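Going by the numbering used here, the sequence shown opens with residue 6, and the numbers climb by one from there. Note that the Cβ used here is the ideal one computed from N, Cα and C, for glycine as well. Note that this is a predicted model, so its numbers are computed, not measured.
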Amino acid sequence: MSLERPWLQSYPKGVPAEIDVNEFHSVSAVFDTSVAKFRDRPAYSSFGKVLTYGETDALVEQFAAYLLGELQLKKGDRVALMMPNCLQYPIATFGVLRAGLTVVNVNPLYTARELKHQLVDSGAAVLVVVDNFCDTVQQVIADTPIKQVVTTGLGDMLGAKGIVVNFVLKYIKKMVPNYSLRGAIRFNQALKLGSRHTLPKVEIDHDDVAFLQYTGGTTGVAKGAMLTNRNLVANMQQASAWISASGIEMGKEVIITALPLYHIFALTANGLVFMKFGGCNYLITNPCDMKGFVKELKATRFTAITGVNTLFNGLLNTPGFDEVDFSSLKVTLGGGMAVQRAVAERWKKGHRRDPGRGLWPDRDLAGRLHQSTQPGRVQRRDRPADPVHRCLRER
6 MSLERPWLQS YPKGVPAEID VNEFHSVSAV FDTSVAKFRD RPAYSSFGKV
56 LTYGETDALV EQFAAYLLGE LQLKKGDRVA LMMPNCLQYP IATFGVLRAG
106 LTVVNVNPLY TARELKHQLV DSGAAVLVVV DNFCDTVQQV IADTPIKQVV
156 TTGLGDMLGA KGIVVNFVLK YIKKMVPNYS LRGAIRFNQA LKLGSRHTLP
206 KVEIDHDDVA FLQYTGGTTG VAKGAMLTNR NLVANMQQAS AWISASGIEM
256 GKEVIITALP LYHIFALTAN GLVFMKFGGC NYLITNPCDM KGFVKELKAT
306 RFTAITGVNT LFNGLLNTPG FDEVDFSSLK VTLGGGMAVQ RAVAERWKKG
356 HRRDPGRGLW PDRDLAGRLH QSTQPGRVQR RDRPADPVHR CLRER
């Protein structure tokens with residue numbers, strides 16, 4: 006062991022000293038590899054609807070073909086995604102990346118002023134947005150460079166059940182305000198249009214920008230961090246090497262994805278690392294509904310979960326959480342900010358039902374999975390504007 010790297014002595018057994026960043030030339034290549042390995046395995050689950058890796062791949066191909074064939078976007082153009090966790094998000098994300106374009110993640114809870122700043126600053130040409138937030142888009146769209154808006158309902162990818170979901174959200178829960186966006190197209194229609202085109206081969210390499218990931222704006226206006234494919238592949242390789250030591254089995258894991266995928270922590274840990282593992286991302290669209298969240302957990306045998314301190318604390322204090330089956334849990338990842346000792350101890354104490362399982366060897370991974378490839382560029386999203394933090398404060 007090199008004396009110049011004494012920290013290696015603290016690595017858990019099985020964690021390598023080096024990673025192979027050249028194993029994948031792009032984030033899209035990681036997805037393609039997982040599709041080839043786990044085509045028939047579940048990739049995403051939402052509201053009872055499950056998409057396999059193969060089914061997701063076909064939809065990703067259609068959306069990528071829509072962007073290049075129908076909208077005539079060029080390599081490097083930016084596409085903004087303004088969605089909570091839903092099936093449309095990974096389809097759109099990997100569609101944008103496969104087309105050689107750049108993803109601009111947008112917080113759906115942005116005010117009109119914040120949204121306008123990010124759309125103008127990023128230079129995004131296309132915006133994909135869930136109906137619930139279209140009224141905010143309507144207020145600023147004329148003052149942005151957006152050329153095409155793609156709208157979607159949370160139930161649009163759920164089949165017949167989705168009709169009921171969309172109806173309840175709009176007319177019963179009143180969560181979808183009226184809006185008018187001239188020229189907007191529905192997400193499912195975009196997929197149909199994309200199916201008419203043959204996607205050309207797009208050369209993507211390490212130096213191409215995959216994401217413009219915006220900071221929280223804690224010290225001023227939000228700033229876009231340019232994350233290349235190399236940045237993300239390197240961080241994914243680092244994190245997956247570390248997590249693999251917890252007994253992860255390829256193609257067999259189910260991770261609870263409650264933190265928003267537009268946030269860099271969940272994007273990396275859930276969206277990339279567990280996708281590489283061939284795991285199933287169990288999408289929680291509204292983690293602020295703690296009772297509903299606990300109900301979902303009771304109905305799922307999951308092996309991993311990510312969260313922030315406020316989320317863990319909220320779950321621990323929600324009636325019925327002590328009835329959740331944690332017998333399959335292998336990994337709990339805390340990020341965004343340090344998990345308070347009292348919360349971590351309650352979590353471990355309450356869920357060590359089997360001495361051989363539970364929290365991964367008592368090690369705190371808080372903050373380990375943040376983008377560290379560009380120090381100082383991506384800030385931690387632990388301010389009150391963070392959706393999970395804010396909704397729990399308001400409970």
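So what's residue i in DSSP terms, helix, strand or just coil?
i, result
"Met342", "coil"
"Tyr58", "helix"
"Leu364", "Residue placement at Leu364 is flagged as unreliable, the pLDDT there being 34, under the threshold of 50; the coordinate-derived value follows with that caveat. In the structure shown, Leu364 sits in coil (DSSP, three-state: anything other than H, G, I, E or B)."
"Glu139", "The question names Glu, but residue 139 in the sequence shown is Cys. Residue state, collapsed to three classes: helix."
"Gln77", "coil"
"Asn183", "coil"
"Arg83", "strand"
"Tyr219", "strand"
"Ala230", "strand"
"Ile261", "strand"
"Thr5", "Outside the displayed span of the chain (6 to 400) sits residue 5, for which this structure offers no information."
"Val336", "strand"
"Val207", "coil"
"Ile177", "helix"
"Asp359", "In this predicted model, Asp359 has a pLDDT of only 33, less than 50, meaning its place in the structure is not dependable enough to derive any value."
Rounded to the nearest angstrom, how far is the Cβ of residue i from that of residue j, given a contact under 8 Å?
i, j, result
"Ala65", "Leu86", "For clarity, residue 65 is Val in the given sequence; the question names Ala instead. Val65 to Leu86, Cβ: 13 Å. No contact."
"Pro150", "Ala129", "7 Å"
"Arg83", "Leu264", "Wrong, their Cβ atoms sit about 23 Å apart, outside the cutoff."
"Ser51", "Leu92", "5 Å"
"Met342", "Ser39", "Met342 to Ser39, Cβ: 30 Å. No contact."
Near residue i, which residues of its chain fall below 7 Å by C-beta distance, leaving aside the five closest residues on each side in sequence?
i, result
"Gly284", "Glu258, Val259, Ile260"
"Ser15", "none"
"Leu163", "Phe52, Lys54, Val170"
"Phe68", "Ile96, Ala97, Gly100, Ala195, Leu196, Gly199"
"Ser185", "Gln143"
Taking Cβ to Cβ, would you say residue i is nearer than 8 Å to residue j?
i, j, result
"Phe317", "Val278", "no"
"Tyr71", "Thr61", "no"
"Lys18", "Ala250", "yes"
"Met241", "Thr273", "yes"
"Ile24", "Ala246", "yes"
"Val336", "Val35", "no"
On the DSSP letters alone, give me the boundaries of the beta strand (DSSP E) that residue i sits inside.
i, result
"Lys50", "In the sequence as presented, Lys is not what sits at residue 50; that position holds Ser. Its beta strand (DSSP E) spans residues 47-51."
"Leu132", "131-135"
"Thr273", "It is not in any beta strand (DSSP E) - Thr273 carries neither H nor E in the DSSP assignment."
"Val4", "No information on residue 4 is available, as it lies outside the stretch 6 to 400 that the chain covers here."
Which same chain residues, not among the five before or five after residue i, have their C-beta less than 6 Å away from its C-beta?
i, result
"Gly158", "Asp136, Asn171"
"Glu75", "Leu198"
"Lys228", "Thr220"
"Val154", "Leu132, Leu186, Ala189"
"Phe43", "Tyr58, Gly256, Gly283"
Kindly list the residues whose CB is nearer than 8 Å to the CB of residue i, restricted to its own chain and excluding five residues on each side of it in sequence; keep chain order.
i, result
"Asp45", "Thr57, Tyr58, Gly59"
"Asp212", "Thr233, Asn234, Arg235"
"Asp330", "Lys303, Arg306"
"Gly276", "Pro95, Thr98, Thr262, Leu266, Asn286"
"Leu78", "Leu72, Val84, Ala104, Leu106, Ala130, Val131"
"Glu208", "Gly105"
"Thr203", "Ala70, Gly74"
What residue does the alpha helix (DSSP H) around residue i start on, and which one ends it?
i, result
"Leu288", "Where Leu288 is concerned, there is no enclosing alpha helix (DSSP H), although the beta strand (DSSP E) it sits in stretches over 285-288."
"Leu316", "314-321"
"Thr5", "Outside the shown range of the chain (6 to 400) lies residue 5, about which nothing can therefore be said."
"Leu163", "No alpha helix (DSSP H) contains Leu163, which DSSP labels as neither H nor E."
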